[in-house]
Amino acid sequence: MDKKDFPVLLTADEISQILKCSKRVAYEIMDQKDFPLIKIRRSKRVNREDFFGWLDKQKKEAI
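So the sequence shown is residues 156 to 218, counted in the numbering used here.
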């Protein structure tokens, strides 16, 4: 699935699908200090481009 197939604002459900992890783990990732989180009242979202940029940064730091 191409990243453009996902909505502009991603939820924990979509992040868990992308990363193939549980929703609980997705929320733990979203709570990390360097994660580009957008809070809308009680909802947590992340911009699609910011998320994939963050993910690329994580891959580079792991090397």
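All C-beta atoms, glycine included, are put in the ideal place defined by N, C-alpha and C.
Quick caveat: nothing in here was measured; it's all calculated off a predicted structure.
Reference Y182, options R200, A167, G208, D189, closest by Cα | Counting from 1 along the sequence shown, the entry for residue 182 is found at position 27. Ranking R200, A167, G208, D189 by Cα distance to Y182 puts A167 first.
Which same chain residues, not among the five before or five after S171, have their C-beta less than 8 Å away from its C-beta?
-> Numbered from 1 along the sequence shown, position 16 holds the residue referred to as residue 171. A distance below 8 Å between beta-carbons, with the five flanking residues on each side excluded, links S171 to the following residues of its chain, in chain order: S177, K178, V180, A181.
For V163, three-class secondary structure by DSSP = For the purposes of this step, residue 163 is identified with residue 8 of the sequence shown, where counting begins at 1. The answer is coil: DSSP assigns V163 none of H, G, I, E or B.
Runs of beta strand (DSSP E) lying entirely within the stretch 174-217, each at least 3 residues, in chain order = 192-195, 198-202
To which residues of the same chain is I193 closer than 8 Å at the C-beta, ignoring the five residues directly before and after it?
-> Taking the first residue of the sequence shown as 1, we reach residue 193 at position 38. L164, K199, R200, V201, N202.
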